[in-house]
Structures are given as structure tokens and as C-alpha cells.
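This report refers to the structure that appears directly beneath it.
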Amino acid sequence: MLKLFKDGDDMAILTDAVDERSFMGELAETLAALIDAGAHDGDWSFQFSFWLPLAADICCKYRGYKNDVIERSVLCASSHGTLPTCRIEAIYENGKAVVEPEGK
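Here it is, written out as C-alpha cells:
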């Protein structure tokens, strides 16, 4: 399971992937689904500048480095250092990435 949360530049990633490779695969498929859905009007250089550092934080956690990633039963990396309160943008679950429509 992977969930992307976003409200402006308030972003967070939640995952329960068992390892870094699984996490990166789920993230890649989820971001691809957002791109294919035309999310963010094609402004992906800006989007990646926020999503990729959060993904790197989670990868560092999988590798055992200390960082600001919160670990409970899932890993959470957030642009504001807290658990997400913004809307869910996309979910990867059961082998499928799903883009959530605006307003949910």
C-alpha cells in the first residue's frame, strides 16, 4: 500500500512496503498513473522537486539511516514533518495505482 497526500506544497507519502525496491516500484506506478491522468497540468518538474526528496527520506529509512521519517505500522515522509492532514492524491494498493479525483 502506498498513499500520496497533497494540498499545495503540503505533501506526504505513506507506505507499508516491505522493502525499498517494493516501495520504489509502487511509487513509480503511482506517479505514472498521476501523469497519465493529466494531473497538475504537466507541471511535473515542480511536483518531482517535492515528491522525490520525500521518497529519498523513506529509502534512507529502509537503509537504516536516521531521519525525520515517522515509523508506525507504515512509513510516512511529509514535507511538514507531521502525519498528513491533506487530501489523498493517489493510492497504490493490491497491485494497482488509482488516482483520486479532485474534491475527495
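Numbering (this note's numbering), first residue to last: 8 to 111. For every residue, glycine included, the Cβ atom is placed at its ideal position computed from N, Cα and C.
Would you give the residue range spanned by the beta strand (DSSP E) that residue i belongs to?
i	result
K13	9-14
When DSSP labels each residue in this structure, what does residue i get in the three-state scheme?
i	result
K111	Note that K111 has pLDDT 45, beneath the 50 cutoff, so the model's placement of it is unreliable and no number is given.
A24	coil
D75	coil
Closest to residue i by C-alpha separation, out of the options, would be which residue?
i	options	result
I77	S85, K13, V106	S85
F57	A97, R28, K13, A104	K13
Which residue comes first and which comes last in the alpha helix (DSSP H) that contains residue i?
i	result
S52	51-69
S29	27-43
Looking at residue i: is its Cβ nearer than 9 Å to the Cβ of residue j?
i	j	result
M31	V81	no
Y72	E27	no
(Q) Taking 8 Å as the cut-off, does the stretch 14-21 touch the stretch 39-47 (at least 3 CB pairs, one atom from each stretch)? (A) Cβ pair count under 8 Å is below three, so no.
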